[in-house]
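Following: one structure in structure tokens, then a few remarks.
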Amino acid sequence: MARRRRLLLALSWLGALGSVALAGAAVAGGAGARPASCSQSRPLPPGHREDLPYLTAPDGGIVMHFGDSRSQGVGSVVLSADGEPLLPGDFASRHGLAVQLGDSYIRRDGDHWIALGEGDGFAAKLIPVGPRKLELCVLVQPKAIGGLAPGRYRGTMLVVMGNEQTRLASLPVELTFRASHWTALETVVVAVLLGLLVKLLSDAAAVQREARLGPLQALASTVKDLGFPAAIVLAVVGSWLVFSQVYGGNPAWGGSGEDVAKLFAVCFLAQMSSNQGIDVIRRVGGGNSGGGTGP
Numbered sequence: 051m052a053r054r055r056r057l058l059l060a061l062s063w064l065g066a067l068g069s070v071a072l073a074g075a076a077v078a079g080g081a082g083a084r085p086a087s088c089s090q091s092r093p094l095p096p097g098h099r100e101d102l103p104y105l106t107a108p109d110g111g112i113v114m115h116f117g118d119s120r121s122q123g124v125g126s127v128v129l130s131a132d133g134e135p136l137l138p139g140d141f142a143s144r145h146g147l148a149v150q151l152g153d154s155y156i157r158r159d160g161d162h163w164i165a166l167g168e169g170d171g172f173a174a175k176l177i178p179v180g181p182r183k184l185e186l187c188v189l190v191q192p193k194a195i196g197g198l199a200p201g202r203y204r205g206t207m208l209v210v211m212g213n214e215q216t217r218l219a220s221l222p223v224e225l226t227f228r229a230s231h232w233t234a235l236e237t238v239v240v241a242v243l244l245g246l247l248v249k250l251l252s253d254a255a256a257v258q259r260e261a262r263l264g265p266l267q268a269l270a271s272t273v274k275d276l277g278f279p280a281a282i283v284l285a286v287v288g289s290w291l292v293f294s295q296v297y298g299g300n301p302a303w304g305g306s307g308e309d310v311a312k313l314f315a316v317c318f319l320a321q322m323s324s325n326q327g328i329d330v331i332r333r334v335g336g337g338n339s340g341g342g343t344g345p
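Per the numbering used here, numbering of the sequence shown is gapless, rising by one per residue and ending at 345.
Structure follows, in structure tokens:
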């Protein structure tokens, strides 16, 4: 009987450690954006229109989610012109077309912004791609953006013409950057370990009262109980679900101090709830609410 119990306990701990390893492998790799660049102008058939019509931008504008990657990324939209075909070749330069930001920056808040310019890690250019179409291509190099902080950066991108800066198109732009997954993972681990510590000490206290054992003996008896590795498995599964929903579901996680507090609170409460669930199962099954009853 004792041999069977030791085997069952060993298998329980093996399952707990396996759960930790699987969860660690699932969250260890950060999201990586594939390096990209703006395409080159393509040859167009001759046109015959010298005046420039207004350009129509698609709904939604340019939205780029980088996650916790800081690799180069590219986004683009196609702007459509009404009327006759546009002129090919040096069309953009001949008509003095340029790309600007509505208020010179895209902003997260009053202290964090990104300027438009190749040296600032955020550049844009216009590329003729058809008789009536221009591609607005945005190239973002997060590592070149000074003081980049996690969060959601929003602004308005304008296409203007000539010295008068005549506005031809306007569309929203949004860049989101998430804090490192290691930061979130550290928060999860601390919350889960704290929850497990609360369970371990409370169960050991119950064993100490019921079996009249010393503190160290009560702790050893609690660790040997099958409920403790079961709690670890539940902790790993629950924390992985919380990590996936709270961190993975927010492309701008880390942009606010509340994000860390929310993740910690949800993980800790989930752990405490699983502790209560194990105790309820024990009581229904006729066992005590603590660990074992002695060595």
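Glycine included, C-beta positions come from ideal geometry on N, C-alpha and C.
Every value quoted in this text rests on a predicted model; they were computed, and no experiment measured them.
For a cut-off of 8 Å, the C-beta gap from ASP118 to ARG262 is around 51 Å, too long to register as a contact.
Three or more Cβ pairs closer than 8 Å define a contact, and the stretch 279-295 falls short of that threshold against the stretch 197-209. When DSSP reads this structure, VAL223 sits in a beta bridge with ILE112, GLY205.
By the Cβ neighbour-count rule, VAL257 is buried, with 16 or more other Cβ atoms within 10 Å of its own. In this structure, the alpha-carbon of VAL223 lies about 19 Å from that of TRP303. Between the alpha carbons of THR106 and LEU166 lies a distance of about 22 Å. Per DSSP, GLY125 lies in no alpha helix (DSSP H); the unbroken beta strand (DSSP E) holding it starts and ends at 123-131. Taking the Cα positions, ILE195 is about 39 Å away from GLN321.
By the criterion of a C-beta distance shorter than 8 Å, VAL292 is surrounded in its chain by VAL238, LEU313, VAL316, CYS317, ALA320, once the five residues flanking it on both sides are discounted. Residue nearest to CYS187 within the set ARG157, TYR155, GLY125, PRO200 is GLY125 (criterion: CA-CA distance). Within a 10 Å sphere around the beta-carbon of VAL240 sit fewer than 16 other beta-carbons, which makes this residue exposed. When DSSP reads this structure, TYR297 sits in no beta bridge, so it has no partner. In the structure shown, PRO178 adopts extended strand secondary structure according to DSSP, grouped into three states. Collapsing the DSSP output to three states places ALA229 in coil.
Residue state for TRP163 is assigned as strand, using DSSP reduced to three classes. One alpha carbon belongs to PRO181, the other to ARG157, and they sit about 35 Å apart. Under the DSSP assignment, LEU186 falls in the beta strand (DSSP E) whose first and last residues are 183-190. The beta carbons of PHE116 and THR216 sit no closer together than 8 Å. Per DSSP, reduced to three states, the secondary structure at GLN215 is coil, with no helix or strand assignment. PHE172 places its beta carbon less than 8 Å from that of VAL190.
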